[in-house]
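First residue of the sequence shown: 6, per my numbering; consecutive thereafter.
C-beta: ideal position from N, C-alpha, C; glycine also.
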Amino acid sequence: MKKMERIHIYHTNDIHSHFENWPRISGYLREESKRLEQENETVFSFDIGDACDRVHPLTEATDGTANILLLNEVGYDAVTIGNNEGIGSSKKQLSHLYDEANFPVVISNLFDAKTGFPPEWAKIFHVIQTKSGHKIGLFGLTAPFPTSYKPIGWDVKNPDEVIGDILEMITPLVDSIILLSHLGIGEDQRIAELYPMISVIIGSHTHHLLPHGQVVRNTLLAAAGKYGQYVGHIELEIERNKIIAANATVKETATIKAPENETEIIESYEIKGHQLLNEQVIATVPATFPVNWQGKSELVEIGLEALKEYAHTDAAILNAGLFMQPLVEGTVTKDDLHKILPHPMRILRCTLDGENLIRMIYEMEKNRLFLRNFPIKGIGFRGKVFGEICYNGVAYDKMTGEVSWLGKPIERSKQYTFATVDHFMFIPFFPTIEIKGENEVLFPYFIRNVVGQYLKKHYPTNKLIR
Numbered sequence: 006m007k008k009m010e011r012i013h014i015y016h017t018n019d020i021h022s023h024f025e026n027w028p029r030i031s032g033y034l035r036e037e038s039k040r041l042e043q044e045n046e047t048v049f050s051f052d053i054g055d056a057c058d059r060v061h062p063l064t065e066a067t068d069g070t071a072n073i074l075l076l077n078e079v080g081y082d083a084v085t086i087g088n089n090e091g092i093g094s095s096k097k098q099l100s101h102l103y104d105e106a107n108f109p110v111v112i113s114n115l116f117d118a119k120t121g122f123p124p125e126w127a128k129i130f131h132v133i134q135t136k137s138g139h140k141i142g143l144f145g146l147t148a149p150f151p152t153s154y155k156p157i158g159w160d161v162k163n164p165d166e167v168i169g170d171i172l173e174m175i176t177p178l179v180d181s182i183i184l185l186s187h188l189g190i191g192e193d194q195r196i197a198e199l200y201p202m203i204s205v206i207i208g209s210h211t212h213h214l215l216p217h218g219q220v221v222r223n224t225l226l227a228a229a230g231k232y233g234q235y236v237g238h239i240e241l242e243i244e245r246n247k248i249i250a251a252n253a254t255v256k257e258t259a260t261i262k263a264p265e266n267e268t269e270i271i272e273s274y275e276i277k278g279h280q281l282l283n284e285q286v287i288a289t290v291p292a293t294f295p296v297n298w299q300g301k302s303e304l305v306e307i308g309l310e311a312l313k314e315y316a317h318t319d320a321a322i323l324n325a326g327l328f329m330q331p332l333v334e335g336t337v338t339k340d341d342l343h344k345i346l347p348h349p350m351r352i353l354r355c356t357l358d359g360e361n362l363i364r365m366i367y368e369m370e371k372n373r374l375f376l377r378n379f380p381i382k383g384i385g386f387r388g389k390v391f392g393e394i395c396y397n398g399v400a401y402d403k404m405t406g407e408v409s410w411l412g413k414p415i416e417r418s419k420q421y422t423f424a425t426v427d428h429f430m431f432i433p434f435f436p437t438i439e440i441k442g443e444n445e446v447l448f449p450y451f452i453r454n455v456v457g458q459y460l461k462k463h464y465p466t467n468k469l470i471r
């Protein structure tokens, strides 16, 4: 009779370039792997996506490749991608993001829009084997955002479009199945209900923490929160090639012993990122443009003009809270723009008929005071508060309640196109944009790149400051 085998699975997710936790995570995972290997136990480690986030200067400067080199320290057995890797990168950037990776990338619902095939840099499933020969089939799913993926050149499928085929392929090859899911807790629970042949779902995306896991039918769900604040640990007991027990716990990173030079390591990531970005000069501005989150400023006006020019529209709308720092007189570098606009937001070109344009402006006016100091979290926003809503090309008369376009009354049946950030389509305050708008997200540039192009054109570096 075969004796019982214990499998240890360590997992991370949604680190989002929070490198302040990385030295402890990296050291802990390596030490645990070494310790358990010496005890002849089977150890695997997985990352479940959103390891990258361009809010960190080193990620921005290297297009995420620095993150992959850090992941290499651990020697993960597999990773999947999150939306920060998937839509935070151009197609070319994502296609080369994992060039230096020492681990396989497993993603089952992402396909090249031109060829219809899975990307060359990834596997649709991956099989790993324990010391006793128990085979585990891995597949990965990322949150489907077709509006964002399609313009980049990817075809992202809904989970149910691919799960059946994947399970049919891997079930005959393996003894158990694990899903690396960057879908969110709701989808994980739903999938566990529908596909009980999946033994474990390791989750992410919604930043949920499951301190002791969660069992849905036959499936163990596990997740380790966000930002590297926790490391997940799953223990599986195998007997006669079947999983007879499955448990999940988490380890708080703050309780892990820090390496001696932790502060220096963390600071080095920041310093290197700023150095690389500072080497890239964009423009030279003749004056300082200050920040004002509670009102319209010259800096916001530059942003509005940049959006109009890039999107070829007559109007633009932005929130003042996007602009985190002043634009200081003199040389402007990519580092300056990254500090001012750290958000991974792209430009949205939205077309509405006059009636719905008026409705949208009414929604904005209704929410104006509330949003002025509202601390928006997530959905691409990396600031403090939403701030003042600022118009250019469209106006609202508080006295009469009338909306005008380039100084003229709105015609209810006429089509109007304006530019804003895609964030406006995802937040719940202006539903008319998503419900009634003819929307196009413009790729590949983020708002900081668009503002940078505008500054480069209108404030070139070879123009002397008087």
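Asked, Found
"Cutoff 7 Å; reference ILE92; Cβ partners in own chain excluding five residues on either side", "PHE150, SER153, TYR154 and ILE157"
"Selection from ILE196, ASP117, TYR232 and LEU146 that minimises the alpha carbon distance to LYS97", "ASP117"
"Ranges of the beta strand (DSSP E) found wholly within the segment 304 to 347, counting only runs of at least 3", "320 to 324 and 335 to 338"
"Simplified DSSP assignment, three categories, for LYS8", "coil"
"Nearest-angstrom Cα separation, counted from HIS343 out to VAL60", "8 Å"
"Test item: CB-CB of VAL161 and ASN114 under 8 Å", "yes"
"Of the listed residues VAL79, ASN77 and ASP58, nearest to GLY69 (C-alpha basis)", "ASP58"
"Minimum C-alpha distance to ALA229 - residue among THR176, PRO331, ILE20 and TYR103", "ILE20"
"HIS428 beta carbon less than 8 Å from that of GLU329", "One point to set straight first is that residue 329 is Met, not Glu, in the sequence displayed. No, they are not a contact pair."
"Best match in THR64, HIS13 and GLU46 for proximity to PRO347 [C-alpha to C-alpha]", "THR64"
"Nearest neighbour of PRO436, chosen from ARG364, GLU44 and ARG222 [CA to CA]", "ARG364"
"Contact set for SER38: own chain, Cβ-Cβ below 6 Å, skip 5 residues either direction", "VAL48"
"Nearest to THR338 (by Cα), restricted to the options ILE249, ARG453 and PHE431", "ARG453"
"Inter-residue Cα distance where the pair is LEU447 and THR356", "13 Å"
"LYS231 burial status per 10 Å Cβ neighbour count (16 or more: buried)", "buried"
"Inter-residue spacing [alpha-carbon to alpha-carbon] between MET6 and PRO123", "Summary for MET6: the model assigns pLDDT 42, below 50, so the residue's position carries little reliability; its value from the coordinates is reported in the next sentence. So the alpha carbons of these two residues sit roughly 42 Å apart."
"Beta bridge counterpart(s) of ASP358 as assigned by DSSP", "GLN420"
"Buried/exposed call for ALA227, threshold 16 Cβ in 10 Å", "buried"
"Beta-carbon proximity of SER22 to ASN72, cut-off 8 Å", "yes"
"Cβ-Cβ separation, LEU76 to GLU90 (assumed contact under 8 Å), whole Å", "With a Cβ gap of about 11 Å, GLU90 and LEU76 do not count as contacting."
"ALA259 (DSSP reduced to helix, strand or coil)", "helix"
"Distance between ALA197 and GLY218 (C-alpha atoms, nearest Å)", "13 Å"
"Minimum length 4: unbroken alpha helix (DSSP H) runs contained in the segment 173 to 235", "190 to 199"
"GLU267: first and last residue of the uninterrupted alpha helix (DSSP H) it sits in", "267 to 283"
"C-alpha gap between THR293 and VAL333, whole angstroms", "4 Å"
"Inter-residue spacing [alpha-carbon to alpha-carbon] between GLY326 and GLY145", "36 Å"
"Nearest-angstrom Cα separation, counted from LEU215 out to ASN372", "35 Å"
"VAL456, DSSP secondary structure in three states", "helix"
"Simplified DSSP state of THR70, which is helix, strand or coil", "helix"
"8 Å Cβ cutoff met for HIS139 and GLY54", "no"
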